[in-house]
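Asker:
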Amino acid sequence: MEICECNGALNAIASFFVVWGYTRGENSRKVKESGLVERLIWRRALTKALLYKTLSLEHLKDHTECQGEMATNKHHCSSSFTFLLLSLLFLQFYSGLSELQLNYYTTSCPRAEEIVKEEVTKLYQKHGNTAVSWMRNLFHDCVVKSCDASLLLDTAHGIVSEKTSQRSFGMRNFKYISTIKEALERECPATVSCADIVALSARDGVALLGGPQIEMKTGRKDSLESYATQVENYIPNHNDSISLVLSRFQSLGIGAEGTVALLGAHSVGRVHCLNLVERLYPTVDPTLDPEHAEYLKHRCPTPESDPKKVEYARNDLETPMVLDNMYYKLLLRHQGLLLVDAQLVSDPSTSPFVEKMAADNGYFHDQFSVALLTLSENNPLTGDQGEIRKDCRYVNRD
Ligand code: HEM
Ligand SMILES: *[C@@H]1O[C@H](CO)[C@@H](O)[C@H](O)[C@H]1NC(C)=O
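If you count by our numbering, then the sequence shown holds residues 662 to 1059, one letter each, in order.
(1) Cβ of N894 versus every heavy atom of ligand 4: is any distance shorter than 7 Å?
(2) Work out the CA separation of A851 and L1042 for me, nearest whole Å.
(3) Apart from the five residues on each side of it in sequence, which residues of its chain come closer than 6 Å, Cβ to Cβ, to S854?
(4) Which residues are close to ligand 2, meaning CB closer than 7 Å to any heavy atom, in chain order?
(5) For V921, count the other beta carbons within 10 Å of its own beta carbon; 16 or more makes it buried, fewer makes it exposed. Which is it?
(6) Determine the closest residue to Y1060 out of A856, E1016, D977, with distance taken between C-alpha atoms.
(7) According to DSSP, is D1052 helix, strand or coil?
(8) Give a yes or no on whether the C-beta atoms belonging to A860 and M877 are separated by under 8 Å.
(9) Can you tell me whether V971 is buried or exposed? The criterion is at least 16 other CB atoms within 10 Å of its CB, across all chains shown.
(10) State the Cα-Cα distance for the pair D815 and R828, rounded to the nearest angstrom.
(11) Would I910 be called buried (16 or more neighbouring beta carbons within 10 Å of its own) or exposed?
(12) Relative to the alpha-carbon of L1092, which residue among D1021, P947, P968 has its alpha-carbon at the smallest distance?
(13) What does the alpha-carbon distance come out to for the pair S862 and R1054?
(14) Per DSSP, what are the beta-bridge partners of T879 in this structure?
(15) With DSSP as the reference, label A817 as helix, strand or coil.
(16) Per DSSP, which one or two residues make a beta bridge with H933?
(17) Distance, Cα to Cα, T782 vs L935?
(18) Under three-state DSSP, which class holds S807?
(19) Quick one: give me the first and last residue of the alpha helix (DSSP H) that I858 is part of.
(20) Among the candidates K842, L992, C803, whose CA atom is the shortest distance from the CA of E823?
(21) Using CA coordinates, which residue listed in I841, L949, P964, D950 is at the minimum distance from P943?
(22) Quick check on the DSSP output: the alpha helix (DSSP H) that includes M987 runs from which residue to which?
(23) Only counting the same chain, and skipping five residues up and downstream in sequence, which positions put a Cβ closer than 6 Å to that of L701?
(24) Between the Cα of S769 and the Cα atoms of C849, L913, E1038, Y973, which residue gives the shortest distance?
(25) Taking the CB atoms as reference points, tell me whether F835 and L813 lie closer together than 8 Å.
(26) Flag F800 as yes when its Cβ comes closer than 7 Å to any non-hydrogen atom of ligand 1, and as no otherwise.
(27) Can you tell me which of the three DSSP states Y1024 falls into?
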């Protein structure tokens, strides 16, 4: 009886890990095609599954050989359980080494997070919009395969930068990443990854913009590639349908509520006319507040916006530098700038969340924190994958 119970439990645990490995692997295959990560997940899941399966087979043998000898079996079962528990502990610890964790740099670079915060704060005081850029960087880096600083690579040595993609249009302040990286290199050379700089600078930028305080794990490694040709498969366009936007975020594990919250990032910053003129010319989009359309036409006076001209409109004229729920209030007034923003109010699967967030800034901040955290943990390279770049713009060359 006890053997069977013991055996059943072990089998169940083994199956659990197979299913778990399969769904995690599927998930990462569907969206990211990142072979490395997928293999790692499988390796881990199968190791665990095999372990439990072996244990359960051992018990089956006991069961047929010495059916009557309850005492021995009992002993076997309990010693196996001790073994199982120890292995579990060991595996948790072992796999923990190659996963993101809180305060990853505690021993290797105790002041890492403090240094990032100091530099982000100094930059914010000089150029407030750097904080806005760090938030957008996290989205553009993490959505494309992995939070791996692939965004930050320059075009050089056979690499084509993601920064050259049409989707990266308007992104700015990349040069100040070097300011943060250099401060870290002075304190702990070749220790803190650029991917963690992307994550931590976004986190600190959010807080400086009056957004929520977010606890973030670290331990990301940097990619050896930039995925310029694939950016458009991951990052939606300004005029994509709400269903496409929702499915892209869903594949990252972010639902409609989280998607609505994340787009609240458009509570700060600007939009170039290039991304607006379609809603203004030849006729004004009927879902746009006519008065606001007049203002936007004033900012963008011609139907063909020259991308080289610095023509843009601010997302939020009332609190342009605060990450607050004004964005949702403006959406309800039909003053959202991008088509994707505007669709959040017109679509029944997202409009209830817009209303809730417009009514409650705390609720917006809570949902934003959760979703940003999920985004920041998308498929990271960890352990011996990737590298720690010395200069965020180039892969190491030694
Ligand atoms: C469907 C998803 C999204 C689309 C289609 C989208 C598209 C855009 C576009 C077209 C701009 C204007 C660029 C320009 O003309 O200069 C922009 C700006 C911005 N986006 Fe998004 N975005 C999306 C989601 C996000 C998310 C999830 C975040 C961050 C959590 C984010 C953060 C920002 C920020 C901060 C800006 C202002 C940048 C600046 O002023 O320098 N966006 N986005
Ligand atoms: C979306 O905008 C781009 C230009 O930014 C344009 O080329 C494309 O045709 C638009 N797509 C739709 C579906 O309107």
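Note that beta-carbon positions come from the ideal geometry of N, C-alpha and C, so glycine has one too.
These figures come from a predicted structure and were not determined experimentally.
Answerer: Put simply:
(1) As presented, the structure is devoid of ligand 4, carrying ligand 1 and ligand 2 as its sole ligands.
(2) Answer to the nearest angstrom: the Cα atoms are 16 Å apart.
(3) Contacts found: R881, K882, D883, I1049.
(4) Residues close to ligand 2 by the beta carbon criterion (under 7 Å to any non-hydrogen atom) are, from first to last along the chain, N898, H899, N900, L935, N936, E939.
(5) Classification for V921: buried.
(6) One cannot answer for residue 1060 here, as it falls past the ends of the chain, which runs 662 to 1059.
(7) D1052 falls in the strand class under three-state DSSP.
(8) Using a Cβ distance threshold of 8 Å, A860 and M877 count as a contacting pair.
(9) With fewer than 16 Cβ atoms within 10 Å of its Cβ, V971 is classed as exposed.
(10) Approximately 16 Å between the Cα atoms of the pair.
(11) Residue 910 is actually Phe in this sequence, not Ile. Burial call: buried.
(12) The displayed coordinates of the chain run from 662 to 1059. Any statement about residue 1092 would go beyond what the structure contains.
(13) Cα atoms of S862 and R1054: separation of roughly 16 Å, rounded to the nearest angstrom.
(14) Looking at the DSSP assignment, T879 forms a beta bridge with Q762.
(15) A817: strand per DSSP, three-state reduction.
(16) Per DSSP, Y973.
(17) Rounded to the nearest whole angstrom, the CA to CA distance from T782 to L935 is 31 Å.
(18) Coil at S807, not helix or strand.
(19) Looking at the DSSP string, the run of the alpha helix (DSSP H) that includes I858 is 855-869.
(20) For the residues K842, L992, C803, the minimum Cα distance to E823 belongs to C803.
(21) Among I841, L949, P964, D950, the Cα nearest to that of P943 belongs to P964.
(22) That run of the alpha helix (DSSP H) goes 987-993.
(23) Low local confidence applies: a pLDDT of 49 at L701 is under 50, so the model's placement there is unreliable, and no value is given.
(24) For the set C849, L913, E1038, Y973, the Cα lying nearest the Cα of S769 is the one of C849.
(25) Cβ distance < 8 Å, so F835 and L813 count as in contact.
(26) Checking the Cβ of F800 against ligand 1 gives yes.
(27) If DSSP states are grouped into helix, strand and coil, Y1024 belongs with the helices.
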